[in-house]
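Visitor: Numbered according to this note's numbering, the sequence shown spans residues 254 to 531.
In this text, a Cβ means the ideal position worked out from N, Cα and C, and glycines have one as well.
Every value quoted in this text rests on a predicted model; they were computed, and no experiment measured them.
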Amino acid sequence: MNDSFVTALNVQKATNNWIDVIADNLSNCYTPGFKESQVNFSTFLGGAILDNPTKKFSQGKSTPGTSNSNLFLEGKGFFVVKDDQNRNIYTRLGDFTFDKEGVYKNKDGNRVQAYILNEKGEIMQGTKEISADMYEQTLANGGAMNIPTTDVKLWIDPNNGKYLGKYDDYEVKGDGVLYGKADKGKKMVPLYKIANMNFHNAAGLYEIKDGKFIETEESGQPVMGRGEIRSGLLELSNVDFKGGISQYQQAKVQLELSSKLISSQKQLLEEALKLVGS
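1. Please specify which runs of the beta strand (DSSP E), each continuous and at least 3 residues long, are wholly inside the segment 350-377, giving them in chain order.
2. Which full runs of the beta strand (DSSP E) of 3+ residues lie inside the segment 313-341, going along the chain?
3. Which one of Lys-406, Asn-305 and Ser-472 has the shortest CA to CA distance from Ser-322?
4. Mapping DSSP to helix, strand and coil, what is Ala-455?
5. Who are Phe-310's beta bridge partners in DSSP?
6. What residues are listed by DSSP as bridge partners for Gln-291?
7. So, for Lys-437: in the same chain, excluding its five sequence neighbours on each side, which residues have a beta-carbon less than 8 Å away from its beta-carbon?
8. Exposed or buried, what is Phe-494 when buried is set at 16 or more other beta-carbons lying within 10 Å of its beta-carbon?
9. Considering only C-alpha positions, which residue in the set Ile-369, Gly-414 and Glu-424 is nearest to Glu-401?
10. Who does Ile-482 pair with in a DSSP beta bridge?
11. What residues in its chain sit with their C-beta under 8 Å from that of Glu-424, if we drop five residues either side in the sequence?
12. For the segment 450-464 against the segment 325-335, do three or more pairs of beta-carbon atoms, one drawn from each stretch, fall closer than 8 Å, so that the two count as touching?
13. Shorter than 7 Å, the distance from the beta carbon of Ile-376 to the closest heavy atom of the ligand ZN, or not?
14. For the beta strand (DSSP E) that contains Val-442, what are its first and last residues?
15. Quick one: Cα of Glu-509 to Cα of Ser-280, how far?
16. What do you get for Pro-317, buried or exposed, if any count of 16 or more other CB atoms within 10 angstroms of its CB means buried?
17. Take the Cβ of Pro-475 as the centre, count every other Cβ of all protein chains shown within 10 Å, and call the residue buried at 16 or more, exposed below.
18. Can you list, in chain order, the residues of its chain with a C-beta nearer than 8 Å to that of Asn-269? Leave out the 5 residues immediately preceding and following it.
19. Can you tell which of Ser-516, Lys-373 and Val-292 has the C-alpha that lies nearest to the C-alpha of Asp-304?
20. How big is the Cα-Cα spacing for Lys-308 and Ala-267?
21. Kindly indicate which three-state DSSP category Ile-400 falls into: helix, strand or coil?
In structure tokens form, the structure reads like this:
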């Protein structure tokens with residue numbers, strides 16, 4: 254009787270934790286960039302315990318952003334931003350805008366990372382360019398080129414109102430290249446390539462804030478990500494609403510059963526104590 258009572262208590266506790274995870278998922282069903290948490294149960298002699306929730310990194314649908322500076326990553330990978338500690342943070346949410354000083358940032362004030370390009374569109378490592386063939390070969394092998402990223406800066410010249418003093422506008426193409434546009438769009442010069450990184454074990458990333466992750470020993474070092482970058486869009490939550498409701502119903506039944514078992518065990522214990530006392 255003691256063992257079954259403890260078992261029921263453990264199952265009840267694990268189920269309550271499961272319901273908390275489900276509730277968090279459902280409440281963030283429409284939160285851009287939110288990634289659904291998944292749970293697994295482990296069994297032992299005293300009942301069931303809930304493993305630490307893991308994130309599901311499947312892609313969410315796109316939705317119109319607030320400006321063309323917002324980005325949507327279609328495919329695998331993460332945008333890279335740096336915080337005030339100069340730490341790399343990985344996110345799928347491209348809620349990026351330029352601040353008054355022309356620095357490309359997200360809503361948390363973290364700086365979007367990219368590679369500097371020359372006029373041919375080649376990535377620069379110091380004064381040395383990285384050929385497109387080398388880039389594609391590295392991408393195909395799933396590696397990460399040891400090239401430092403940089404902040405994206407497009408300050409506006411107060412004298413003529415142009416970006417970097419000579420560009421009328423900017424545009425981010427599907428390959429992640431940010432172009433400066435001049436002569437009413439007739440001239441387009443590649444300036445930056447938005448960094449896209451991925452991990453062999455993305456589930457091992459540590460979430461420091463909703464949708465914001467840092468690498469761990471379990472996730473491994475970042476490798477080059479694949480995917481098309483589209484401007485003017487944001488990624489929605491990947492929460493499966495119908496699946497979440499179904500899980501909630503299952504958890505509710507499991508909670509009711511464990512509660513009834515606890516109640517029954519309490520009644521049996523009370524009856525046993527009465528018999529002992531009589």
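Guide: The answer reads as follows:
1. 364-369
2. 315-317, 324-327 and 331-335
3. Along the sequence shown, read from residue 1 onward, the residue named residue 322 stands at position 69. Minimum Cα distance to Ser-322 is reached at Lys-406.
4. Here residue 455 refers to the residue found at position 202 of the sequence shown. Here Ala-455 sits in helix by DSSP.
5. As a position in the sequence shown, residue 310 is number 57, starting the count at 1. Answer is none; Phe-310 lacks a bridge partner.
6. As a working note, residue 291 is residue 38 in the sequence shown. Partner(s): Thr-307.
7. For this step, residue 437 is matched to residue 184 along the sequence shown. These residues qualify, in order along the chain: Asp-421.
8. As a working note, residue 494 is residue 241 in the sequence shown. The residue in question, Phe-494, is exposed, as its Cβ has fewer than 16 Cβ neighbours within 10 Å.
9. Residue 401 sits at position 148 when you count from the first residue of the sequence shown. Note that residue 401 corresponds to Pro in the displayed sequence, not to Glu. Comparing Cα positions, the closest option is Ile-369.
10. Here residue 482 refers to the residue found at position 229 when the sequence shown is read from its first residue. DSSP lists Leu-326 as partners of Ile-482.
11. Counting from one through the sequence shown, the residue named residue 424 turns up at place 171. Excluding sequence neighbours, Glu-424 sits near Asn-321, Leu-431, Tyr-432, Lys-434, Met-441 and Ser-484.
12. yes
13. Ligands displayed in this structure: none; no statement on the ligand ZN is therefore possible.
14. One-based indexing of the sequence shown puts residue 442 at position 189. Its beta strand (DSSP E) spans residues 440-447.
15. In the sequence shown, counting from the first residue as 1, residue 509 sits at position 256. In the sequence shown, counting from the first residue as 1, residue 280 sits at position 27. Roughly 23 Å separates the two Cα atoms.
16. Indexing the sequence shown from 1 puts residue 317 at position 64. Per the 10 Å Cβ criterion, exposed.
17. In the sequence shown, residue 475 corresponds to position 222, counting from 1. Pro-475 is buried by the Cβ-count criterion.
18. Looking up residue 269 in the sequence shown gives position 16. Cβ neighbours of Asn-269 beyond the five flanking positions: Leu-508.
19. Residue 304 sits at position 51 when you count from the first residue of the sequence shown. If we check each option's Cα against that of Asp-304, Val-292 comes out closest.
20. Position 55 of the sequence shown, counted from the first residue, corresponds to residue 308. Position 14 of the sequence shown, counted from the first residue, corresponds to residue 267. Going from the Cα of Lys-308 to the Cα of Ala-267 covers about 18 Å.
21. One-based indexing of the sequence shown puts residue 400 at position 147. Reduced to three states, the DSSP call for Ile-400 is coil.
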